Amino acid sequence: MGPMYDAGTRPEGYLRDYAEEFASVEVDSTFYGTPQPERVLRWAAQVPDRFTFVLKLPREITHERRLLAARTETEAFVASALLFGPKLEAILIQMPPDFEADEIEVVEAFVRTLPAGPRWALELRDASWFHGDARRRLRDALGTHGVALAATDAPFVLRETMLHELRHPTASHAYVRWTGAVDTFQRFDALAADRTAEIAQWAEAIRDAAPQLTRLAGYANNQYAGFSPGTIRMVYAALRVPHALPHRIAQPSLFD
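Take the position in the sequence shown, starting the count at 1, then add 17; the result is the number in the numbering used here.
So this is what it looks like as structure tokens:
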């Protein structure tokens, strides 16, 4: 509430109000299961045509099956996701932290079978993926099938590594996540950490990558700086992208 929503806003109005200011949202709830068609259509109806959704692939596929024997489940999820039409930004394949580079053959096989239609992004949360033969094979597989390698600012991989990957995209679209560390903050109503220097680094990398891209999507977690909308406002400012707050929102933080 507070700096994002009016005090009287009911939960069913959150998405509508969010879409007044921002252009896209990463939906976490789909990690827990494929949304029913009526829910997808309801979400799509609440936002303007310019607004898009990213859906996380369900954990049954990524964490339980670990991308193995999951073609039927993946196709069912994609069928639901495609109901968004042009409002579908991408599908995020977020792998667990213990998914390491010795499983590269699994990734190679999985991306070969991805259904056509959506843009795809893959997030890997172990440093073993980002050097040597594993990195080469990973980038070859993703590049061949047009899958973006998510560039994430979080403790599991050095920021410098992720900035380098962003500057050398594997697809014509790029995917950036500012997530931070779990349980860093307990309140999420204002920026609580000054991430100006880090955001400046990301803005520079985004500008460097831009000539190679047709689209770039970026999303922030509250754990990055304490208040995800404030983080995205900082990104807009660092990129010098015009961004006006809705009239109902006061300036939220010292760091904006």
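Backbone N, C-alpha and C define an ideal beta-carbon position, used for all residues, glycine too. Just so you know, these numbers come straight off a predicted model, no measurement behind them.
Rounded distance between the beta-carbons of residue j and residue i, thought under 8 Å
| i | j | result |
| --- | --- | --- |
| residue 242 | residue 212 | 5 Å |
| residue 33 | residue 63 | 5 Å |
| residue 142 | residue 179 | Going by Cβ atoms, the distance from residue 142 to residue 179 rounds to 11 Å, so no, they are not a contact pair. |
| residue 191 | residue 164 | Contact flag wrong, Cβ pair sits at about 11 Å. |
| residue 104 | residue 61 | 5 Å |
| residue 109 | residue 43 | 7 Å |
Own chain residues within Cβ distance below 6 Å of residue i, not counting five before or after
| i | result |
| --- | --- |
| residue 38 | 263 |
| residue 159 | 166, 187 |
Beta-carbon spacing of residue i, residue j below 7 Å
| i | j | result |
| --- | --- | --- |
| residue 118 | residue 151 | yes |
| residue 102 | residue 75 | no |
| residue 128 | residue 84 | no |
| residue 161 | residue 196 | no |
| residue 222 | residue 183 | yes |
| residue 132 | residue 92 | yes |
| residue 239 | residue 205 | yes |
Rounded straight-line distance, which links the Cα of residue j to that of residue i
| i | j | result |
| --- | --- | --- |
| residue 272 | residue 235 | The predicted model places residue 272 with a pLDDT of 38, which falls under 50 and marks its position as unreliable, so this point remains unresolved. |
| residue 30 | residue 58 | 16 Å |
| residue 107 | residue 226 | 19 Å |
| residue 166 | residue 173 | 15 Å |
| residue 245 | residue 88 | 34 Å |
| residue 257 | residue 201 | 28 Å |
| residue 220 | residue 157 | 26 Å |
| residue 267 | residue 193 | Confidence is the limiting factor: at residue 267 the pLDDT is only 46, short of 50, which leaves the residue's position unreliable, though a coordinate-based value still follows. Cα to Cα, residue 267 sits roughly 27 Å from residue 193. |
| residue 94 | residue 116 | 22 Å |
| residue 224 | residue 218 | 10 Å |
| residue 130 | residue 203 | 41 Å |
| residue 261 | residue 210 | 22 Å |
| residue 47 | residue 198 | 21 Å |
Residues near residue i in its chain [Cβ-Cβ closer than 8 Å; skip 5 each side]
| i | result |
| --- | --- |
| residue 41 | 68, 69, 70, 71, 106, 234, 236 |
| residue 86 | none |
| residue 231 | 189, 190 |
| residue 100 | 54, 57, 58, 61 |
| residue 176 | 170, 215, 218 |
| residue 114 | 142, 143, 173 |
Close Cβ partners of residue i (< 7 Å) along its chain, the five nearest in sequence each way excluded
| i | result |
| --- | --- |
| residue 121 | 151, 154, 155 |
| residue 216 | 251, 252, 255 |
| residue 146 | 118, 152, 155 |
| residue 78 | 84, 87, 90, 91 |
N-terminal and C-terminal residue of the beta strand (DSSP E) that residue i is part of
| i | result |
| --- | --- |
| residue 70 | 69 to 73 |
| residue 109 | 105 to 111 |
| residue 234 | 232 to 237 |
| residue 181 | Counting along the chain, residue 181 falls outside any beta strand (DSSP E), though it belongs to the alpha helix (DSSP H) covering 176 to 184. |
Run of the alpha helix (DSSP H) containing residue i, from where it starts to where it stops
| i | result |
| --- | --- |
| residue 204 | It is not in any alpha helix (DSSP H) - residue 204 carries neither H nor E in the DSSP assignment. |
| residue 165 | Run containing residue 165: none in the alpha helix (DSSP H); it sits in the beta strand (DSSP E), 164 to 166. |
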